[in-house]
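Take a look at the structure set out below.
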Amino acid sequence: MNRIVELRIDNDYTQVELAKKLDMLRGTYSLYEIDQSTLSIELVSKLANLYKVTTDYIVCLTDKDKIGNLKDIKIDKVINTRIKDLRISNNLRQSDIAKILFIKQNTYSQYEIGTRTIPLELLISLCKYYKVSLDYMLYRTDVPNPYPKSKKYVV
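Going by numbering that gives the first Met the number 0, the sequence shown opens with residue 0, and the numbers climb by one from there.
See below:
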């Protein structure tokens, strides 16, 4: 069973109830539960806010579900400034990060300037590379340290 199924069941939601809270059809939501659709940053953010857990917990980067006081995610908060600041503070060029992510430099540039939304899987790769939590990338915390690793799930 995956993490979002566990959370839904632990919080006594049916798929219909949860889909309604997330403003989507039950059929669409069920695709996430059976891994037939990829979670978006926005959906992970909504689920983390709803369940009051870390985004890292939702995507199985940690087994710690609640750590300290986390801010509600405001998806309009610009992730691009965080990824740019991390790149610069690590003395890297956009082309360096593009190679790490196996994408074109122009694509990565668009993520940094905010003209293109970075996919969740690439954001998770950046978290692992920079050794920061997804909550830090999403401005839920100002503490960059990653949470203890998840042993139960593999992403």
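Just so you know, even glycine gets a beta-carbon here, dropped at the ideal spot from N, CA and C. In this text, all values refer to a predicted model and were calculated from it rather than measured experimentally.
Under 6 Å Cβ to Cβ from residue i, same chain only, skipping five residues before and after it: list those, please.
| i | result |
| --- | --- |
| G26 | none |
| Q93 | Q104, Y107, S108 |
| D95 | none |
| I117 | Y110 |
| A47 | T54, I57 |
| Q14 | R25, Y28, S29 |
| Y135 | P143 |
Quick one: residues in its chain with C-beta nearer than 8 Å to the C-beta of residue i, no 5 flanking neighbours on either side, listed in chain order?
| i | result |
| --- | --- |
| R2 | Y56, I57, V58, C59, Y152 |
| D75 | Confidence is the limiting factor: at D75 the pLDDT is only 49, short of 50, which leaves the residue's position unreliable, though a coordinate-based value still follows. If we look at D75 and ignore the five residues flanking it on each side, it has no Cβ neighbours. |
| E16 | none |
| D34 | N1 |
| Y12 | K20 |
| N89 | Y129 |
Below 8 Å on the Cβ atoms is my contact criterion, and I expect residue i with residue j to pass it. Report the Cβ-Cβ distance as a whole number of Å.
| i | j | result |
| --- | --- | --- |
| I82 | L125 | 6 Å |
| I40 | L122 | 6 Å |
| T37 | L133 | So it is not a contact: roughly 15 Å between Cβ atoms. |
Would residue i and residue j qualify as a contact pair, given that the criterion is a beta-carbon distance under 8 Å?
| i | j | result |
| --- | --- | --- |
| P143 | D62 | no |
| K51 | L21 | no |
In its own chain, which residues sit with a C-beta less than 7 Å from the C-beta of residue i, not counting the 5 before and 5 after it?
| i | result |
| --- | --- |
| I87 | none |
| R139 | T54, L69, K70, I72 |
Closest by CA to residue i, which one among the options?
| i | options | result |
| --- | --- | --- |
| R155 | Y128, I78, L24 | This structure cannot speak to residue 155, because the chain is shown only from 0 to 154. |
| V4 | Y135, Y128, L30, M23 | L30 |
| E32 | L6, K19, M136, D64 | L6 |
| P145 | M136, K130, L137 | K130 |
| L137 | N90, E16, L42 | L42 |
| D9 | Y135, K98, L91, D64 | D64 |
- Message: Closer than 8 Å is the cut-off here; do at least three beta carbon pairs connect the region 82-101 with the region 109-119?
- Response: yes
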